[in-house]
Structure formats: structure tokens, C-alpha cells
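Below is one structure, written out as C-alpha cells; the observations come after it.
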Amino acid sequence: MFIKRDESGQVVQVSREATAECKEFVPPCSPELQAFVSDDEDVESMALSKSDLAFVRVLEDVINVLMDKSVISFTDLPEPAQQKLMERQSLRKRLNSVGLMSDSDDDSGVI
């Protein structure tokens, strides 16, 4: 792998082939190369995971709206989807019952 460094010596760019910018060769197993690559992947992975968690809530709300409006019924969903929805509803009720999650802005919850 070929890298480009900034003024402080940190890896800022990587290329599989030598380019005008990436001239210095480092082996793929180089710790600094691994750190550079994993940092970018970790940040992107964390952002994607956070987005996934928020999107799951959106999908759950959409499913509830569709059921409330009788567009679909709970039994129209595949069995695994029914089980997952029931598990989430159960978890949410338990968390709300001990004050860990709250839709209000007051500080009356446990945490």
C-alpha cells in the first residue's frame, strides 16, 4: 500500500498503487495503516448503526400507524416480524414503567 502523510507525519491518504500523492510504501499489516483504515471504518460503522437504531423506531411507528388505520393487521405480518414487534413493545413498556425512557421533558423519571 502507498500512503501520503501530512506535515505531522500522520497518514492522510492511502492508495493500492503509487500515485503522485501517495509515494511512500508501507506493508498492509503496518499498524499505522491499520489504525488509519479502522478509524474511518469505525466512524462510518458507528454512524450507520446509530442511523439503523433510529430507523427501526421509525419503521415501528409506521407499522403501528398502518395497523391503527386498519391498512394492515398484525396477523398480516410474518411470524418473525410479529415476534420482534411484540418483543420491542414489551421492552419499551418495561423501560417506561421504571422511568428509564420518557416522552416528557420533566425530570420525574428514575434516571
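If you want the working numbering, it's the 1-based position in the sequence shown plus 10. Just so you know, even glycine gets a beta-carbon here, dropped at the ideal spot from N, CA and C. In this text the structure is predicted, and so the values were computed from the model without any measurement.
Taking Cys32 as reference, the option from Asp16, Ser40 and Thr85 with the minimal CA-CA separation is Asp16. In the three-state scheme derived from DSSP, where H, G and I count as helix and E and B as strand, Gln23 is classed as strand. Annotation: the continuous alpha helix (DSSP H) that includes Lys103 extends over Glu89 to Ser107. Around the beta carbon of Phe35, a 10 Å sphere encloses fewer than 16 other beta carbons of the protein chains shown; the residue is thus reported as exposed. Under the criterion of beta carbons closer than 8 Å, Leu43 and Met77 do not qualify as touching, at roughly 51 Å. A distance below 8 Å separates the beta carbons of Glu70 and Leu95. Sorting Val81, Lys103, Arg104 and Asn74 by C-alpha distance to the C-alpha of Gln92 places Asn74 at the top. Here the C-alpha atom of Ile13 lies approximately 41 Å from the C-alpha atom of Val68.
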